[in-house]
Amino acid sequence: MIKKKIIIGNWKMNPLTLKEAEKLYGEVAAGVSRTKNTDIVICPPFLYLEKLTKIRTSKIKLGAQDAFAGDVGAFTGEVSSEMLYEIGARYVMLGHSEKRTLGESNIDVNKKLKGALASGLHPVLCVGETVRDENHGYFSLVKMQLEECLKGISKSSLSKIIIAYEPVWAISSTQNRKDATADDSREMAIFIRKILSDKFGKEAQSVKIIYGGSVNERDAEDFLSNGGVDGLLPGRASLDAKKFAKIVEICETLSR
Ligand code: PEP
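See below:
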């Protein structure tokens, strides 16, 4: 099954002002304007989402970095998937390690994922281990994340879901981080695909699996060619329009 590759930029809690966000988004839009074969998603902070939908580009879809399950209600401080869809978001990252560190559980992520699907958003489910132990316990951890976060999800929803493998030890904000290799990515992508196939059968093929963890314009080609993935999720590199556009261009060239 040939799947269109996808590049998802996670801006995290950046930049500081709306003006800077609009400038960066405009630069990214210009940089990727000739893209044909790659899906591109930018996930800015909630606050900027609606404003960025006003900047014309047919190449980029917007995504949020989190969403609460449900539509409206007494949930102080939360933003629902329904609301996000309503203002123009089409993707939502769920279960990011920076949210899990603050206490988000697989059960929370599962509820959010169901809410996202019900609203029409594409969930980007982030999984990944904090450390790599010699006994390979990280495989069981990723398996548990997948099983618990995808509990009760129907086969017919699978083609909307993206799994982002993000080993926390390779993410740019992790202290004493290490580089993950394309081999690390490929090994885990194969494992994730096997877990999905065991659970869902052949429909599992429709799920995109992507890699994130300090991806940049220098190693994107290696991850895309040898990492066994259908796309990338750059964080820090997505805050530099030139670097992000270069990553998209690399993906585009490889997809031709
Ligand atoms: C992330 O945290 O989603 C991420 C991929 O960040 P970075 O590329 O900065 O490691």
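Quick note: the sequence shown uses my numbering, first residue 16, plus one each step.
Note that CB positions come from ideal geometry on N, CA and C, so glycine has one too.
Whole-number beta carbon distance between residue j and residue i, since they are thought to touch under 8 Å
i	j	result
R147	S187	No, R147 and S187 are not in contact; Cβ-Cβ is about 17 Å, not under 8 Å.
G24	S253	3 Å
A204	Y180	6 Å
N52	S270	4 Å
K223	G246	6 Å
A185	F238	Actually they are not in contact, since the Cβ atoms of A185 and F238 sit about 11 Å apart, beyond 8 Å.
E267	T50	6 Å
F282	V94	With the chain running from 16 to 271 in the structure shown, residue 282 is simply not present.
A256	L39	6 Å
C6	G110	Here the chain covers residues 16 to 271 and nothing more, so residue 6 does not appear.
I225	I21	6 Å
S297	L132	Missing from the structure shown is residue 297; the chain here goes from 16 to 271 and no further.
V207	E236	The residue you asked about is not Val; residue 207 is Ile in the sequence shown. Actually they do not touch by this definition, with Cβ atoms about 22 Å apart.
E101	I70	So it is not a contact: roughly 18 Å between Cβ atoms.
Counterpart residues of residue i in DSSP-defined beta bridges
i	result
P138	V107
I224	I178
L247	I22, Y226
S95	F83
Three-pair Cβ contact test at 8 Å for the segment 105-118 versus the segment 136-145: yes
Whole alpha helix (DSSP H) elements within the segment 19-87, 4-residue minimum: 33-46, 61-67
Cβ contact check for the segment 125-133 and the segment 55-66: 3 or more pairs under 8 Å: no
contact_flag[the segment 255-269, the segment 209-218] where n(CB pairs < 8 Å) is 3 or more: no
Inter-stretch contact (C-beta, 8 Å, three-pair minimum) for the segment 113-125 and the segment 147-156: no
The segment 40-48 touching the segment 79-98, judged by at least three CB pairs closer than 8 Å: no
Within the segment 157-213, ranges of the beta strand (DSSP E) (whole runs, at least 3 residues): 177-180
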